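Residue numbers (UniProt numbering): 1 to 313.
The structure is reproduced here in structure tokens:
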């Protein structure tokens, strides 16, 4: 009987080896793969196996062999990144504005054991957690900050989901807000506010342009006055320098004339002194006296001529 069972088991193994390469493993009515003894687990999937109703092991991608009847594939977890659409929901902001908001959730199963035994439906649990976290985070922000701080809001939701989903073996990679719908009246008031802000900016820009233009005109006048005063100053300096040069030239000319006159006078005096030192003999004293009386006017005349020549030079 045992031999017959062994032969039966060997036949099952042989049939499993022959069938596995060409066909995918059979799945039960629940959608889980059946135990065909020899199983090929696809890449990026984790199959949780129970033996006699208790957790046994997790099948790795590739070839795996199970014991018939005793082993059963209980859960199949995908290790790929999962994208979940978070349904639209209503939330109230800090300034009591009701919004309709939806989003997209990106998550990945990090621990197949926790994802299988830690929560009944991981995707549903994470979706509900994302909705409740979104309502909680929106209640902390005003309407203006909701639109300005979408990235920080997404990051806060991701942190809150990861803290709660750690025991489920799930990690939230990111959360993105898709659409934010506001009531029609609030939308109209927001448009009016935007238009008023644009008009305000236009007025400010126009006033700044006028101010800059006035500053440029005043700066141009200032520079013109500075240049005019500098030109006048330079002209006065040049005029003073010219006058000083003329006075200096006149002074030099007078000094030169005085020097020449002094030299001429000195030369003439020395000539007179030399003439006087050469006294004539007594016999000719009368002749010298008469001649000297005649020569004195000539001497004075020659001295006057010399002075006139010096002045003319």
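Beta carbons: idealized from backbone N, C-alpha and C, even for Gly.
If you're wondering where the values come from, they're calculated on a predicted model, not measured in any experiment.
Check	Outcome
Nearest neighbour of residue 316, chosen from 47, 238, 203 [CA to CA]	Here the chain covers residues 1 to 313 and nothing more, so residue 316 does not appear.
Local conformation of residue 162 per DSSP, three classes	helix
Sequence-distant residues of the same chain with beta carbon closer than 6 angstroms to residue 25, five excluded per side	At residue 25 the pLDDT is 49, less than 50, meaning the model places this residue with poor confidence and gives no usable figure here.
Nearest neighbour of residue 107, chosen from 124, 114, 81, 93 [CA to CA]	81
Backbone secondary structure at residue 67 - three-state DSSP	coil
Inter-residue Cα distance where the pair is residue 194 and residue 174	31 angstroms
Cα-Cα separation between residue 247 and residue 238, rounded to whole angstroms	14 angstroms
Residue 101 vs residue 77 beta-carbon contact at 8 angstroms	no
Residue 100 - DSSP class collapsed to helix/strand/coil	strand
Sequence-distant residues of the same chain with beta carbon closer than 6 angstroms to residue 172, five excluded per side	107, 158, 161, 162
Rounded Cβ spacing between residue 114 and residue 167 (contact assumed at less than 8 angstroms)	7 angstroms
For residue 58 and residue 103, believed in contact at Cβ under 8 angstroms, the rounded distance	Rounded, the Cβ-Cβ distance is 31 angstroms, inconsistent with contact.
Inside the UniProt domain "Band 7" (36–194) only - alpha helix (DSSP H) runs reaching at least 4 residues	112–117, 122–138, 143–148, 150–165
Residues of its chain near residue 153, where Cβ-Cβ distance is below 8 angstroms and the 5 sequence neighbours each way are ignored	137, 138, 141, 146, 177
Proximity below 8 angstroms, CB of residue 89 to CB of residue 135	yes
Pick from 74, 66, 65 that is closest to residue 53, judged by C-alpha positions	74
Cα-Cα separation, residue 148 to residue 133	19 angstroms
Meets three-Cβ-pair contact criterion under 8 angstroms: the region 208–216 and the region 182–191	no
Alpha carbon of residue 120 to alpha carbon of residue 126, nearest angstrom	11 angstroms
For residue 130, the nearest candidate out of 219, 270, 170, 94 (CA to CA)	170
With 16 other Cβ atoms within 10 Å as the buried cut-off, status of residue 179	exposed
Within 8 angstroms, strictly: CB atoms of residue 123 and residue 84	yes
Assigned exposure category for residue 229 - 16 Cβ within 10 Å defines buried	exposed
Beta-carbon proximity of residue 98 to residue 183, cut-off 8 angstroms	yes
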